[in-house]
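Here's the structure we're looking at; comments come further down.
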DNA sequence: TCAATAGTTCTGATATTCCGAACTATGGTA
DNA sequence: TACCATAGTTCGGAATATCAGAACTATTGA
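Chains as they are written, first to last, in the working numbering: chain A, 1 to 120; chain B, 1001 to 1120.
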C-alpha cells in the first residue's frame, strides 16, 4: 500500500484523461463522482449500469482515474473517499471534461452493446 | 482489401472517439487532417512530431480514426484521401472534438516524454 | 486479540498494440 | 499485354495492457 499518487494539475495530460474516460465503466464512475458533486466511497461502484464490477477491477479503474488527475482519493477510516478534480482540470483544459460527460450523457438513453455508460 | 467501413454519425460513440484520440500520434494526425481543413493522403503522416511512423502502424491509426467516425477515407487513384468528419461529429457531440484538440494544442509547447502530440 | 469491512496487490488468462515483412490495388510506361 | 513504382493493407509474432479471482494489507470495533 504505497501512498496514493496524485499528479499536480500542471502535470495532467490530455491523453491520460481521454484514455481514462474512454472506458464506459470509468466514465460512469467519474460521472457519478463528479455529477453528484460529492465524495463517494469505492464501494458505491460495485455495480455500474446494472453490471457488477469485481473489486480488483474497480480498484484498477479508480487508480486510472486518480493517476489521470481526474479524481482525488483520501482514506477516511476504513473507506476511501473519492473527490472529483473536475474544476481543477477544467481550469487547465477548459470545456474538456464537460464535453466528454455531455457526450456520454447524450447516448446514455440508447446504449451500444448491452452496457449503459451512465447510471441506467 | 475489404471496402472501407465508415460508421453513420448516429452510430458514433463517445468511447470510440476518446479511445481514438487518447493516442497522441492519432491526435496529431487528426489535428492535421481537420486543422488544415483539407484532405490529406496517409503518406503525409509518415513523420508525426519528428517521430517516424511505420506504414503498418500508420494504416492502423487511420483505421482507428475512421472506425471511430472521426475521418472519412476515399481512394483517389493510387492514394487515399482523408477528410475530417469534425462537423458531423460536432453536431452529435457539441464541443467534444474542439475541446480535445484545444487540450492537445495547449500542451503542444511543453511535451511530456519526448513526444510532441501536435506538429512540433 | 480476533473478526469484519474496504481496498490493494499478485498472478495468470485474455486482448491490444506495435512494427517488419509480405501482400493488394492502382497508375504509368512501353 | 507485361512490368515496375507507389500507396496502403494485412499477416504474424513479440511486447504490453486489461481483467478478474485469490491472497493480502489497513483500519475499526468488539
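Here a beta-carbon is modelled for each residue, glycine too, at the ideal position from N, C-alpha and C.
Just to confirm, is the Cβ distance from residue i to residue j under 7 Å?
i	j	result
residue 89 of chain A	residue 97 of chain A	yes
residue 65 of chain A	residue 105 of chain A	no
residue 62 of chain A	residue 33 of chain A	no
residue 1041 of chain B	residue 1074 of chain B	no
residue 1015 of chain B	residue 57 of chain A	no
residue 1099 of chain B	residue 99 of chain A	yes
residue 95 of chain A	residue 1095 of chain B	yes
So which of the options has the shortest CA-CA distance to residue i?
i	options	result
residue 103 of chain A	B/1008, B/1074, B/1017, B/1005	B/1017
residue 1049 of chain B	B/1040, B/1066, B/1014, B/1031	B/1031
residue 1024 of chain B	B/1014, B/1009, B/1053, B/1003	B/1053
residue 87 of chain A	A/57, A/58, A/69, A/73	A/69
residue 1013 of chain B	B/1101, B/1092, B/1047, B/1035	B/1092
residue 1085 of chain B	B/1077, B/1022, B/1035, B/1015	B/1035
residue 6 of chain A	A/100, A/29, A/56, A/82	A/82
residue 1008 of chain B	B/1067, B/1043, B/1060	B/1067
residue 1004 of chain B	B/1047, B/1039, B/1059	B/1059
Output the boundary residues of the beta strand (DSSP E) element that contains residue i.
i	result
residue 102 of chain A	Careful: residue 102 of chain A lies outside any beta strand (DSSP E), inside the alpha helix (DSSP H) at 96-107.
residue 1083 of chain B	1079-1084
residue 1010 of chain B	Note, residue 1010 of chain B: premise wrong, no beta strand (DSSP E); not H, not E.
residue 1076 of chain B	1071-1076
Practice task
Taking only beta carbons into account, state which residues of the segment 1014-1042 of chain B come closer than 9 Å to chain A, listed in chain order.
Solution key: If the cut-off is 9 Å between Cβ atoms, the segment 1014-1042 of chain B has 1014, 1015, 1016, 1017, 1018, 1019, 1020, 1021, 1022, 1023, 1024, 1027 near chain A.
Handout entry: Runs of beta strand (DSSP E) wholly within the segment 15-65 of chain A (minimum 3 residues, chain order)
Key = Here no run is fully enclosed.
Exercise for the section: Using a Cβ-Cβ cut-off of less than 9 Å, give me the residues of the segment 1093-1108 of chain B that come near chain A, in sequence order. Expected result: Taking 9 Å as the Cβ-Cβ cut-off, the segment 1093-1108 of chain B approaches chain A at 1093, 1094, 1095, 1096, 1097, 1098, 1099, 1100, 1102, 1103, 1104, 1106, 1107, given in chain order.
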